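J.: Got a structure for you, questions after.
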Amino acid sequence: MRLWYLLLAVACGVVLVGCDKGEAPRAAPAQESTSLATPTSSAVPTATVDAAAAQSACPKHGGRWDAEEGCVIDEVTPQATQHLLIPVQWDSSFPELQKAVDAMVADIRANFRGSLERAGAPPEGKPWALKVTFDAYQGKGLHPSDGVRFTVTEALGGYHPRFAYRTLVFDRTTKQAVSFGALLIDPATALPKISALVRADLRARLRGVGTEFVDTGTAPEEGNFQDFALDGDELVFWFEPYQVASYADGPIESRSPLSTLRGVVKPEYLPA
Numbered sequence: 001m002r003l004w005y006l007l008l009a010v011a012c013g014v015v016l017v018g019c020d021k022g023e024a025p026r027a028a029p030a031q032e033s034t035s036l037a038t039p040t041s042s043a044v045p046t047a048t049v050d051a052a053a054a055q056s057a058c059p060k061h062g063g064r065w066d067a068e069e070g071c072v073i074d075e076v077t078p079q080a081t082q083h084l085l086i087p088v089q090w091d092s093s094f095p096e097l098q099k100a101v102d103a104m105v106a107d108i109r110a111n112f113r114g115s116l117e118r119a120g121a122p123p124e125g126k127p128w129a130l131k132v133t134f135d136a137y138q139g140k141g142l143h144p145s146d147g148v149r150f151t152v153t154e155a156l157g158g159y160h161p162r163f164a165y166r167t168l169v170f171d172r173t174t175k176q177a178v179s180f181g182a183l184l185i186d187p188a189t190a191l192p193k194i195s196a197l198v199r200a201d202l203r204a205r206l207r208g209v210g211t212e213f214v215d216t217g218t219a220p221e222e223g224n225f226q227d228f229a230l231d232g233d234e235l236v237f238w239f240e241p242y243q244v245a246s247y248a249d250g251p252i253e254s255r256s257p258l259s260t261l262r263g264v265v266k267p268e269y270l271p272a
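Mind the numbering: the sequence shown is residues 1 to 272 in my numbering, read in order.
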């Protein structure tokens with residue numbers, strides 16, 4: 001499905017990457033602007049961090065501790081710069097999740113190295129760039145959960161940087177990853193209900209503008225809802241630029257109270 005979004009963007013004359021290797025990339029879209037992307041309900045991640053424990057764990061995961069940013073991985077070469085903020089707070093408290101986080105960070109960096117091989121040499125004095133930040137979330141269901149959302153930006157010389165989300169959700173009771181499909185009682189019947197709920201939310205906030213993006217990007221397919229987390233008593237989804245709106249609208253968030261999803265989401269992930 002995401003390939004379709006890219007083809008649509010090209011057909012519209014908007015080139016994401018590699019149009020002009022000599023042009024400095026523009027700024028990435030703002031994350032969840034208050035005018036559209038952030039619903040009126042709380043959008044503050046529920047997770048808290050033990051800073052002392054995270055500082056102690058940071059070097060074990062290839063980072064350096066920064067008093068303001070947290071655990072940071074920096075790499076600078078003539079071709080590219082990398083600046084990643086990584087979560088390490090689960091090093092001792094939830095090692096299963098921390099292992100998955102470390103693997104995802106490694107995969108993000110490996111994908112960027114592959115992009116560098118295809119991109120070739122950057123313009124003089126303008127190296128390619130990778131930037132990664134994260135937010136952590138906690139679900140308050142009968143089975144509590146921890147989740148993380150990575151925001152990944154690659155600047156490789158096109159009109160816009162590449163922008164992507166990567167997410168993980170782990171069940172604290174079973175110590176297992178929770179995919180979107182595993183969250184649902186019956187994906188075949190749940191997907192149309194979630195699709196309709198999210199679609200109505202986005203249509204209302206977009207005020208009828210660009211509904212073709214919304215309808216396509218929220219079709220009842222698992223791939224459209226893969227970037228999600230359980231946050232307090234809400235189920236939250238994130239959509240990359242072009243998935244449900246134009247690039248100018250930036251990434252977009254949609255939240256649904258879990259109380260409205262009884263019979264859809266498995267009971268262990270619902271609030272008591």
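For each residue, glycine too, the CB sits at the ideal point set by N, CA and C. In this text, all values refer to a predicted model and were calculated from it rather than measured experimentally.
Note down, in chain order, each residue of its chain lying with its Cβ closer than 8 angstroms to the Cβ of S259, except the 5 sequence neighbours on either side.
T.: In the sequence shown, the residue the question calls residue 259 occupies position 259. So the list reads D233, L270 and P271, once near-sequence residues are dropped.
J.: Between F225, V178 and I185, which lies nearest to V198 when the distance is taken from Cα to Cα?
T.: The sequence position of residue 198 within the sequence shown is 198, counting from 1. Answer by Cα proximity: F225.
J.: Identify which residue in I73, I86 and A53 has its Cα closest to the Cα of T167.
T.: Along the sequence shown, read from residue 1 onward, the residue named residue 167 stands at position 167. Ranking I73, I86 and A53 by Cα distance to T167 puts I86 first.
J.: Leaving out five residues before and five after L130 in sequence, what residues of the same chain have Cβ atoms less than 6 angstroms from its Cβ?
T.: Your numbering for residue 130 matches position 130 in the sequence shown. Only Q82, F112 and E154 meet the Cβ criterion.
J.: Assuming F163 and P251 make a contact with CB atoms under 8 angstroms, what is their CB distance in whole Å?
T.: The residue given as residue 163 occupies position 163 in the sequence shown. The residue given as residue 251 occupies position 251 in the sequence shown. Confirmed, about 7 angstroms.
J.: Residues bridged to W90 by DSSP?
T.: Residue numbering aside, residue 90 sits at position 90 when the sequence shown is read from its first letter. W90 is not bridged to any residue.
J.: Whose C-beta lies closer than 8 angstroms to the C-beta of K60 among residues of the same chain, with five residues either side of it excluded?
T.: Within the sequence shown, numbered from 1, the residue matching residue 60 stands at position 60. Closer than 8 angstroms at the Cβ level, and outside the excluded window around K60, lie V88 and D91.
J.: Can you say whether G139 is buried or exposed, counting buried as having 16 or more other CB atoms within 10 angstroms of its CB?
T.: The count along the sequence shown starts at 1 and reaches residue 139 at position 139. Answer is buried; the Cβ neighbour count reaches 16.
J.: So is L84 buried or exposed if we call it buried at 16+ other beta carbons inside 10 Å?
T.: What you label residue 84 is simply residue 84 of the sequence shown in a count that begins at 1. By the 10 Å Cβ count, L84 comes out buried.
J.: Helix or strand or just coil, what does DSSP make of P257?
T.: For the purposes of this step, residue 257 is identified with residue 257 of the sequence shown, where counting begins at 1. In this structure, P257 counts as strand in the three-state DSSP scheme.
J.: Just to confirm, are V76 and G63 a CB contact at a threshold of 9 angstroms?
T.: Locating residue 76 in the sequence shown gives position 76, where the first residue counts as 1. Locating residue 63 in the sequence shown gives position 63, where the first residue counts as 1. Going by C-beta atoms, V76 is not nearer than 9 angstroms to G63.
J.: At what residues does the alpha helix (DSSP H) containing G250 begin and finish?
T.: Numbered from 1 along the sequence shown, position 250 holds the residue referred to as residue 250. From DSSP, G250 is part of no alpha helix (DSSP H); its letter is neither H nor E.
J.: Taking all protein chains shown into account, decide if D227 is buried (16 or more other Cβ within 10 angstroms of its Cβ) or exposed.
T.: Position 227 of the sequence shown, counting from 1, holds the residue named residue 227. So D227 counts as buried.
J.: Which of the three DSSP states is assigned to Q138 in this structure?
T.: On the sequence shown, residue 138 is found 138 positions in, with the first residue counted as 1. Looking at Q138 - three-state DSSP - the assignment turns out to be strand.
J.: Report, in whole angstroms, the separation of the C-beta atoms of L202 and V264, which I expect to be a contact under 8 angstroms.
T.: Within the sequence shown, residue 202 is the residue found at index 202, counting from 1. Within the sequence shown, residue 264 is the residue found at index 264, counting from 1. Not quite, the Cβ-Cβ distance comes to about 18 angstroms (not below 8 angstroms), so this is no contact.
J.: Out of Y165, P241 and L156, which has the shortest C-alpha to C-alpha gap to W128?
T.: As a working note, residue 128 is residue 128 in the sequence shown. Here the closest residue by C-alpha is L156.
J.: Can you list, in chain order, the residues of its chain with a C-beta nearer than 6 angstroms to that of Q98? Leave out the 5 residues immediately preceding and following it.
T.: Along the sequence shown, one-based indexing puts residue 98 at 98. Cβ neighbours of Q98 beyond the five flanking positions: W90 and D91.
J.: In chain order, which continuous runs of the alpha helix (DSSP H) of length 4 or greater are located wholly inside the stretch 167-219?
T.: The qualifying runs are 180-183, 187-206 and 211-217.
J.: Beta carbon of L116, beta carbon of A67: below 9 angstroms?
T.: What you label residue 116 is simply residue 116 of the sequence shown in a count that begins at 1. What you label residue 67 is simply residue 67 of the sequence shown in a count that begins at 1. Against a cut-off of 9 angstroms, the Cβ pair of A67 and L116 comes out as no contact.
J.: Along the chain, where does the beta strand (DSSP E) containing E234 start, and where does it finish?
T.: Indexing the sequence shown from 1 puts residue 234 at position 234. Here the beta strand (DSSP E) through E234 covers E234 to F239.
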